[in-house]
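Okay, structure first, notes after.
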Amino acid sequence: EAAVTQSPRSKVAVTGGKVTLSCHQTNNHDYMYWYRQDTGHGLRLIHYSYVADSTEKGDIPDGYKASRPSQENFSLILELASLSQTAVYFCASSDWTGGDERLFFGHGTKLSVL
Amino acid sequence: GQQVQQSPASLVLQEGENAELQCNFSSTATQLQWFYQSPGGSLVSLLSNPSGTKHTGRLTSTTVTKERRSSLHISSSQTTDSGTYLCAPYMGYKLTFGTGTSLLVDP
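Here the protein sequences come in this chain order: Z and U. Residues in the first sequence are numbered from 1 upward in steps of one, following my numbering. Residues in the second sequence are numbered from 115 upward in steps of one, following my numbering.
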């Protein structure tokens, strides 16, 4: 079973501060994703990556940066955290091989910006 | 962009009853996945179904891609099925999620 580990599990940050959320996967998946979940909005894609050292913008990238230094690791960076970025953040990985692909999620990081 | 509508928004069943969840999406998709989110928040992929009918355990998914809709049938519901069910069509390696159907199964 695919393993995706996120850290931290929860974080309280101050407005204007820098926040880094980390994600590590151990299944040699090429694709990694960052989603945020808010009540009433479901999961929305922030950034994704399909190869190390390259990231792509998702549907709501403003205010976020992403970094993929290796196949296993994918970070989400909030340079200047704002109240509106309070949400639960999920990392996911997948390997789109043309068959029965599935997305494997981490347990999520609950971020509160005060 | 892709818009995804799920219905009903919430559903309450007695244990043993069946459930039918619907997913409609606005743009062509190459694949569609159904996910389960537990009350604690963890997300698990249930199945992927590009078209036709697919079974796994007590779950049956039917997707009609050209009509941009999919359904998930849960038979003989159990209290442990309680949670939120999300559908996500995908195109170009990106999934777009609906807001889900919240299911509560009472004993």
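From the three backbone atoms N, C-alpha and C, an ideal C-beta is built for every residue, glycine too. These numbers were taken from a predicted model, which means no experiment stands behind them.
With a threshold of 6 Å on Cβ separation, who are the neighbours of residue i within its own chain once the five nearest residues in sequence on each side are excluded?
i	result
Thr-26 (chain Z)	Ala-3
Ile-77 (chain Z)	Thr-20, Lys-65
Ser-7 (chain Z)	Ser-22
His-187 (chain U)	Glu-134, Thr-174
Does the Cβ of residue i have 16 or more other Cβ atoms within 10 Å, making it buried, or fewer, making it exposed?
i	result
Ala-143 (chain U)	buried
Leu-83 (chain Z)	exposed
Arg-9 (chain Z)	exposed
Ser-112 (chain Z)	exposed
Gln-37 (chain Z)	buried
Val-219 (chain U)	buried
His-47 (chain Z)	buried
Pro-203 (chain U)	buried
Ala-236 (chain U)	There is no way to answer for residue 236 (chain U), as the model of chain U reaches only from 115 to 221.
Ser-159 (chain U)	buried
Ser-190 (chain U)	exposed
Asn-163 (chain U)	buried
Ser-54 (chain Z)	exposed
Thr-210 (chain U)	buried
Can you name, in chain order, every residue of its own chain whose Cβ lies under 7 Å from the Cβ of residue i, other than the five neighbours on each side?
i	result
His-24 (chain Z)	Thr-5, Glu-72, Asn-73
Glu-79 (chain Z)	Lys-18, Lys-65
Gly-108 (chain Z)	Gln-6, Val-88, Tyr-89, Phe-90
Would you kindly report the start and end of the unbroken beta strand (DSSP E) that includes residue i?
i	result
Lys-65 (chain Z)	65 to 67
Trp-96 (chain Z)	Unbroken run through Trp-96 (chain Z): none, as it is neither H nor E.
His-187 (chain U)	183 to 188
Gly-166 (chain U)	166 to 170
Gly-197 (chain U)	197 to 205
Asp-220 (chain U)	215 to 220
Ile-77 (chain Z)	73 to 78
Arg-36 (chain Z)	31 to 38
Starting from the C-beta of residue i, find all residues in its chain whose C-beta is less than 8 Å away, skip the five residues before and the five after it, and write them out in chain order.
i	result
Gln-31 (chain Z)	It is Tyr, not Gln, that sits at residue 31 (chain Z) in the sequence shown. Cβ within range, chain order: Tyr-48, Ser-49, Tyr-50, Ser-93, Ser-94, Asp-95, Trp-96.
Val-14 (chain Z)	Ala-81, Val-113, Leu-114
Val-178 (chain U)	Ser-165, Ser-184
Assess, as a yes-or-no matter, whether the region 116 to 123 of chain U is touched by the region 134 to 151 of chain U under the definition of 3 or more beta carbon pairs within less than 8 Å.
yes
Please confirm if the region 146 to 158 of chain U is in contact with the region 191 to 208 of chain U, defined as three or more CB-CB distances below 8 Å between the two stretches.
yes
Chain U contacts from the region 101 to 113 of chain Z (Cβ-Cβ distance under 9 Å):
Contact annotation: in the region 101 to 113 of chain Z, residues whose CB is within less than 9 Å of a CB in chain U are Glu-101, Arg-102, Leu-103, Phe-104, Phe-105, Gly-106, His-107, Gly-108, Lys-110.
Given a limit of 8 Å on CB to CB distance, which residues of the region 39 to 52 of chain Z reach chain U?
Gly-40, His-41, Gly-42, Leu-43, Arg-44, Leu-45, Tyr-48, Tyr-50
Of all the residues that make up the region 69 to 91 of chain Z, which are near chain U by a beta-carbon distance shorter than 9 Å?
Val-88, Phe-90
Of the residues that make up the region 147 to 170 of chain U, which ones have a beta carbon closer than 7 Å to any beta carbon in chain Z?
Gln-147, Gly-155, Ser-156, Leu-157, Ser-159, Ser-162
Anything in the region 179 to 192 of chain U with a Cβ closer than 8 Å to a Cβ of chain Z? List those residues in chain order, please.
none
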